[in-house]
Amino acid sequence: MNVVLALSEPRAQSLAADLRREGVTVIAIVAPGALDHTARRLGQGVGDDPVAELLGVADALVLDGDRRTLTRPAVDLADRFGVRILPLGRGVALARLCASYGLREPLPADADAEEVVAALAATPALPAAASAIHPVIAVWGPAGAPGRTTVAIEVAAELARGHRRVALVDADAHAPSVAVALGLPVDGPGLAAACRQHDQGGVDAAELERVAIAVDVPDGEVDVLVGINRVARWPELAAPRVTGVLAACRTWADATVVDIAAPLERDEEIVSDVIDGPRRNQAALAVLAGADAVVAVCAADPVGVSRFVAAYDQLHESVGAAPIVVVANRVRSGVIGVDARGQVRSTLERYLGIRDLAFLPDDRRAADRALLLARPVAATSPRSALVQAVRRAVGARLAPWVALHAPHREEAAGAVGW
817 MNVVLALSEP RAQSLAADLR REGVTVIAIV APGALDHTAR RLGQGVGDDP
867 VAELLGVADA LVLDGDRRTL TRPAVDLADR FGVRILPLGR GVALARLCAS
917 YGLREPLPAD ADAEEVVAAL AATPALPAAA SAIHPVIAVW GPAGAPGRTT
967 VAIEVAAELA RGHRRVALVD ADAHAPSVAV ALGLPVDGPG LAAACRQHDQ
1017 GGVDAAELER VAIAVDVPDG EVDVLVGINR VARWPELAAP RVTGVLAACR
1067 TWADATVVDI AAPLERDEEI VSDVIDGPRR NQAALAVLAG ADAVVAVCAA
1117 DPVGVSRFVA AYDQLHESVG AAPIVVVANR VRSGVIGVDA RGQVRSTLER
1167 YLGIRDLAFL PDDRRAADRA LLLARPVAAT SPRSALVQAV RRAVGARLAP
1217 WVALHAPHRE EAAGAVGW
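Residue numbering for the sequence shown follows this note's numbering, starting at 817 and increasing by one per position.
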């Protein structure tokens, strides 16, 4: 058995020596952060990487079970090469993190070589690339129209560059608007039809092809699953159904962007007399629980920032181990004053501890033109400041995951790496 260790010293050297005595071939010891670095390099189109070469001949990867080492890009990288993962560490938080990635329970950090060998033998091998998880990206924002749908559409359009297959799902059970924004039939089959099919034996790629509507974007297209056409139909978006549809999307699309509603309260579970009855917010909560990344949209004005601060705790509690990318939308100086970005950044850092966030300008002319023509801004004003800002934000934070799992589409189209 060929094993790569991604552990801190001196534990790495000690375990390597013990494993070799057990007959295991330890082909390399890499820094814990090297996996994340390699995943991002491959996502940016870098062809040669020493860690990737090691994983190409490895059977298993033993790593530190903490959020700095056990990340979604690292898991996806191992999945791409069919390398089984064994995390080491303790604690309920780590157990939940492993479960969210579909990994076995971690061994204690001080497990001996015999325990590690037994655990590796009990962990089934995965076929290379077959287990790769195509990401689901949720787009959320608090009440007050901070621009969730606009951001979701533009993120999907950006990820679709290079002719990648990207799905855009409207799972908003309160105010669905993707169909209207893109000029699509509001009574199309979309997500509701896919949810019904899930109850009738499961939804597959062929069914998703049937109910989706393709929208052209620069250098590709986005497959849209429109939302419910009347808000009274929200019980159709039950959590098991939505979860099942998104699971099918993972094997159908290279990335799935999901527009969800603002409310995340669970109070309805307390006041309802029906124990197993439908819950209005269950679609959003189900999406957040299974998302690989969350784009949280904050309107860059005093009211929008205040609402974001008030609602952020609920968002954080509803998300599993997925990273949250905060986006300040419609940034302009007139409503905040001099140094609008600095004002928003300092406020979010002071109240929420958020230091890293992206900024999208208030490109009203481009946004209005897109709404008038019912097209993405990327299609109607491809050189606009808004499109460029989304490209920088997505390219730096989200696109590497998609590129990691869709190299075949880029090569077929002759696309340039991110």
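Even glycine gets a Cβ: it sits at the ideal position worked out from N, Cα and C.
Can you find a C-beta in chain D that's less than 8 Å from the C-beta of E930? The structure shown contains no chain D; it holds only a single protein chain.
Would you be able to state if there are at least three C-beta pairs under 8 Å between the stretch 1049–1067 and the stretch 1099–1111? yes
Quick one: give me the first and last residue of the alpha helix (DSSP H) that A890 is part of. 888–896
Where P992 falls, given that 16 or more other Cβ within 10 Å makes a residue buried: buried
Helix, strand or coil: how does DSSP classify E1081 here? coil
How is R980 classed by DSSP in three states: helix, strand or coil? coil
Same chain only: Cβ atoms within 7 Å of R836, ignoring 5 sequence neighbours per side: V842
Bridge-paired residues (DSSP) for R900: A876
Can the beta-carbon of L923 be found less than 8 Å from the beta-carbon of L910? no
Which residues share a DSSP beta bridge with D1039? A983, A1030
Residues near L1202 in its chain [Cβ-Cβ closer than 8 Å; skip 5 each side]: E970, L1176, P1177, D1179, A1182, A1183, V1193
For the 8 Å Cβ check, are there 3 or more pairs between the stretch 953–964 and the stretch 1108–1123? yes
What are the residues that DSSP puts in a beta bridge with D1075? V955, D986
Tell me whether the beta-carbon of V891 lies closer than 8 Å to the beta-carbon of L821. no
If you reduce the DSSP assignment to three classes, tell me which class P1177 lands in. strand
Since L936 is in the alpha helix (DSSP H), which residue starts that stretch and which ends it? 929–938
Who are the near neighbours of S947 in its chain, counting only those whose CB is closer than 6 Å to its CB and skipping five residues on each side? Annotation note: pLDDT 42 at S947 (below 50); position unreliable, no value reported.
Under the rule that 16 or more other beta-carbon atoms within 10 Å means buried, what is E1133, buried or exposed? exposed
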